[in-house]
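Residues -13 to 1066 (my numbering) make up the sequence shown, in order. Virtual Cβ for every residue (Gly too), placed ideally from N, Cα, C. Following: one structure in structure tokens, then a few remarks.
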Amino acid sequence: MENMMSERAELAKHCSSRNWSKAIRVLDSLIAKHCSIQDLCNRAFCYSQLELHKHVIKDCDKALQLEPSLLQAYILKGHALSALGRKEDAVLVLGEGYESALRQSADLRQLLELEELLNVAKQEIGGAFQLEDDEFQQLSLGLPIGSCASVGFEETFCKQDEHGIPNGTCKSADKMSSTEAFKLRACSNGESYECSKELGEQSKISSVSRDASTTSERSGDSFNSCTGSTFKGKENGISGGKISCLQDTFQPCNGSGVHKKLSENPDKLVGSSTASKKSSFKPGFLSKLSSKADMHSEAGDGSKRNKKYTIARISKTKSISVDFRLSRGIAQVNEGNYASAISVFDQILREDPCYPEALIGRGTAYAFQRELEPAIADFTKAIQSNPAAGEAWKRRGQARAALGEFAEAIEDLSKALEFEPDSADMLHERGIVNFKCKDFNASVQDLSLCLKHEKENKSAYTYLGLALCSLGEYKKAEEAHLESIQLDKSYLEAWVHLAQFYQELANYSKALECLEHALQIDNRFCKAYHLRGLVLHGLGEHRKAIKELSISLSIENTIECLYLRGSCYHAIGEFRDAVKDYDATVDVELDAMEKFVLQCLAFYQKEIALYTASKVNSEFLCFDIDADIDPMFKEYWCKRLHPKNVCEKVYRQPPLRESLKKGKLKKQDLSITKPRTTLLAAADLIGKKIQYDCPGFLPNRRQHRMAGLAAIEIAQKVAKAWRSMQAEWKHSNKGTTRNGRRNRRRERINMLSQNRGGAGCSTSSSSETATGYGTLEDRSSGRFMMSWKEVYTLAVRWRQISEPCDPVVWVNKLSEEFNSGFGSHTPMIRGQAKVARYFPNYERTLNLAKTIIKDRRIVHSKRDDVIDLTKEGKIEKIMQAETCIELHKIVGEDFWVSTWCNSTACEGKQLEGTRITCLRKIGEHGYDFAIRTPCTPARWDDFDAEMTSAWEALCKAYCGENYGSTDFNLLENLRDSILRLTYYWYNFMPLTRGTAAVGFVVLLGLLLAANMEFTGNIPKGVQVDWEAILNLEPESFINSVKSWLYPSLRINTSWKDYPDVSSTLPTTGSVVAALSSYND
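Below, the structure is given as structure tokens:
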């Protein structure tokens, strides 16, 4: 009790001396111990003297929750809203207070004051705001504690209650003239009432995250001193085709209504990196802080025009109070005069080096100037001076988030929330930082709580949508995004985030529609052009994508756009522009380490572009990345490693000018002849059949054409080989071996590399034969023969040329990675994020893993050690596990189990299939649940033998008595053989990527060679490669696929009339042109 009385006395002393900031500190302490309505109103009054109007509103709201009929709170809140320019809201609040006063027979003085204030507020809305002499006088009479009509420094003083708090009755108010009364409305820091309308606005500054991009929404509540400023910045970024727009905002003191906006990608644009911590903090990284010109008030230009700073009314003793200087520092920050603000705060801190409010103010000004290290130092010192300064904890958390120190940022924001558990602002802040940390569950929890307290927080809704999308809650995510737009149809971030949401789910039409809305709001919003280019690239519309990316680059030069545009130029054969963009990408001065991977890729892509340019006028068969490109180069390219070793040990491609001497696209390559038109039309129809109708799979026009042309070429070449085999079958009684098969010597055609010693190429001599798979020929008979490898190589070459960004190579053609077991990695869950494309297979994969564990009773550790699960009832617990998290906890460490494939060639033998892995994400939240396919030499040999056997069985099924048959029933054995070969291909997974597309292309080509055309579509939700991987028996896969494939097969021999692909498109240049030209 004694301590409380002491604090009350101290409070009275500070109020008497007009030291409002220190009074607030005392009130903070009192409220923390016991939250009384009177203390809340007292603190609101003190805040009003410092022009911290949003804090006034907050305290009034709390007071009204405790006592809905408290007229003081209505009066204070009405004044604060009016000062913030929110006139209509002020009218509503004052109206509520007036009605409450009428109902309760309130103090007549307060009733009259409310009536007068309400009339004035209504007049202001109507544009006829005039204060007559009697109005001035009446408004200044008998104001209760906390009223904005506070007294001047020397002319008048307010009576105080027993604790020294002004009670709202002004000593000489009833004797003043209207002019004198107006002067009384000057706030204690010497600024006029008009000034107060703007001074309390909180500046909203966006600091955009790494994986995302610029925003053109510039909303602004001005900064206030206890609070610090807000930071504003912008950046463009992409990740995995997926782009995130996240913004960071520094908000005002004690949870005022400024919202932090972080911009990401989806990957999503998103990962952690180390930002520059110097004053030369680069634009475009986590927080590119804005200049004064970027600051806009939410109230609009009108409120800015009315902004006046009349700081002339000071004490007659000519002594400028600390609070006055503090308020002046606030004004300087709000005006963007950061150096001046720092100078003002320096003056205060010279007198009192530990003054918390000045430290917070200076720290915020530093942050505006991108000097985050000094800002953090000031916030830290403020915390040391006053550990209960929640605002300092929040500010430091925001600064740390801007530097990428997310774990520390969350700690600080959590500490700040201890002081204000229901602060919507801080919940919003922490929710977004949690999103950046990829703790999506925590993000959803924080943002949902934020929206309970602040239902119209558009930023919280859009980031809630992003978090829900990452968790696979797509319906709820869409609703959250749409709610954000409903609140503000001009909110650019919401439109962009919604576009990213639709893009991730492969709903490209809605994504493009959202981006069109964004550009109608701001036609210079470069992020919208960037995303539109990304969507068009995913649709295979590379030329259109180049136009959008060029517009984006004309507004802001970003490494993501440069690299993507370079890859588009590369794909369509404009190699000079491609090399130019790749070089520019490599030369960009980085502001984030995660962007370095784009520079590495640009280096490798440039070499591939130069290689392709050198092959433009050679036969397409000579385009042989697997044979010509050095294995180390391919390994580093696939793994996205630093190219230092490649530069030192691998020959580089010759300069572009040399390649273009023989590599410029010729007119005949670009010409559209009748055979080409016919061929391309047929290819487009056939190629569409590879499309998966699943979330995340965009219909890529370029890939469809590639698939169609590859399938037709495979059909033509396989049909030719089968004719030779059928002729041999007729003479099978002659010269056969004991096994019934002709002994014949197969020789590979010597396809000499056209580019030995060139860039990124093997150093083998020209006398060596190519290591790629060519066509086989029996020289003794002149018959045309093929192996399974040659069939699939045809499709691989088409896949390689169609999208040069994708490193598609045979795994056994890599360097040392083949010996150590290079494997593909396909995640279903990454941390807490559910991967849109592959999560639909999660439940089946989890159940398969449990079945395998039950059968084998062991798993393998990350180090390949055997983990015995026969003890402690672990098997029973595993069978009851419903998630990969539960599975991991039972096993007790990271582990993997391997599927198997029962061999058809060797009865009783089991081939190693795919590894199902469950790993704890170190330093992150959640688990990585994925499939990984190792490719070791032993495994390669097993599958090679199995594929050879399956291919020979397939050929035998067709080249015997049923050759050329158009009887659908007689071809059933052949159809099953094609599916069996496909089953082993998918489980083999011999490519670094592209195995799924290549597998189905070959399936279509083989069916066509046997006069069967697939006229249907792959059913919704079905991914054929996963059907093979998740079935241990080939017959199970066959039965699964044939149920929808066979009914859609039609006998068709018209394909034989198609122009020969190799003759119609003979050169690499003609192939590139065919893939890049469309009638529209």
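Between the CA atoms of residue j and residue i - distance to the nearest angstrom
i: ARG518; j: ARG783; result: 29 angstroms
i: ALA867; j: PRO617; result: 43 angstroms
i: CYS547; j: ILE532; result: 9 angstroms
i: LEU38; j: GLN818; result: 40 angstroms
i: ALA198; j: PHE582; result: No answer about ALA198 holds up, because its pLDDT of 33 lies below 50 and its placement is not dependable.
i: LYS73; j: ALA107; result: 6 angstroms
i: TRP481; j: LEU501; result: 7 angstroms
i: GLN355; j: TRP379; result: 20 angstroms
i: ASP962; j: LYS863; result: 39 angstroms
i: ALA368; j: ARG382; result: 10 angstroms
i: GLU575; j: THR1054; result: 35 angstroms
i: LEU13; j: ALA(-2); result: 11 angstroms
i: LYS8; j: TYR352; result: 23 angstroms
i: ARG842; j: LEU897; result: 15 angstroms
i: CYS921; j: VAL704; result: 27 angstroms
i: LYS1006; j: ASP679; result: 5 angstroms
i: GLY746; j: ALA570; result: Low confidence applies here, because GLY746 scores a pLDDT of 40, under 50, leaving its location unreliable; read the following figure in that light. Distance between the alpha carbons of GLY746 and ALA570 is about 20 angstroms.
i: LYS422; j: ILE815; result: 17 angstroms
i: ILE672; j: LEU1051; result: 17 angstroms
Bridge partner(s) assigned by DSSP for residue i
i: PRO813; result: ALA916
i: GLU623; result: The residue asked about is misnamed: residue 623 is Trp in this sequence, not Glu. Answer is none; TRP623 lacks a bridge partner.
i: THR1053; result: GLU605
i: ASP854; result: ILE844
i: PHE1074; result: Only positions -13 to 1066 of the chain appear in the structure, and residue 1074 is not among them; the question remains open.
i: GLU999; result: ARG1036
i: TRP796; result: LEU977
Residue i, DSSP secondary structure in three states
i: ASN888; result: strand
i: GLY71; result: coil
i: LEU905; result: strand
i: ILE615; result: strand
i: SER15; result: helix
i: GLN896; result: strand
i: PHE511; result: coil
i: ALA374; result: coil
i: HIS65; result: helix
i: HIS911; result: coil
i: ALA819; result: strand
i: CYS21; result: coil
i: MET771; result: strand
i: CYS945; result: helix
i: CYS921; result: strand
Beta-carbon spacing of residue i, residue j below 7 angstroms
i: LEU62; j: ASP75; result: no
i: TRP623; j: TYR590; result: yes
i: GLU1019; j: ASN888; result: yes
i: LEU57; j: ALA49; result: no
i: PHE561; j: ALA599; result: yes
i: LEU478; j: ILE507; result: yes
i: ARG906; j: ARG918; result: no
i: THR437; j: TYR449; result: Before going further, note that residue 437 is Leu rather than Thr in the sequence given. In this structure, TYR449 does not lie closer than 7 angstroms to LEU437 by Cβ.
i: ILE328; j: ARG311; result: no
i: VAL1027; j: LEU965; result: yes
i: TRP882; j: GLY899; result: no
i: TYR1044; j: ILE698; result: yes
i: GLY64; j: LEU80; result: yes
### Task
Count the C-beta pairs between the stretch 492 to 510 and the stretch 850 to 863 that are closer than 8 angstroms, then say yes if the count reaches three, no if not.
no
### Query
Are three or more beta carbon pairs between the stretch 979 to 992 and the stretch 772 to 781 nearer than 8 angstroms?
yes
### Task
May I ask you to verify whether the stretch 621 to 636 touches the stretch 1009 to 1024, counting CB pairs closer than 8 angstroms and requiring at least 3?
The answer is no - the stretch 1009 to 1024 does not touch the stretch 621 to 636, with fewer than three Cβ pairs under 8 angstroms.
### Query
Is it a yes or a no for the stretch 684 to 692 touching the stretch 781 to 800, going by three-plus beta-carbon pairs under 8 angstroms?
yes
### Message
For the structure I just gave you, are there three or more beta carbon pairs, one from the stretch 1031 to 1038 and one from the stretch 999 to 1008, closer than 8 angstroms?
### Response
yes
### Query
Between the stretch 654 to 670 and the stretch 953 to 962, do at least 3 Cβ pairs fall closer than 8 angstroms?
Short answer: they don't touch.
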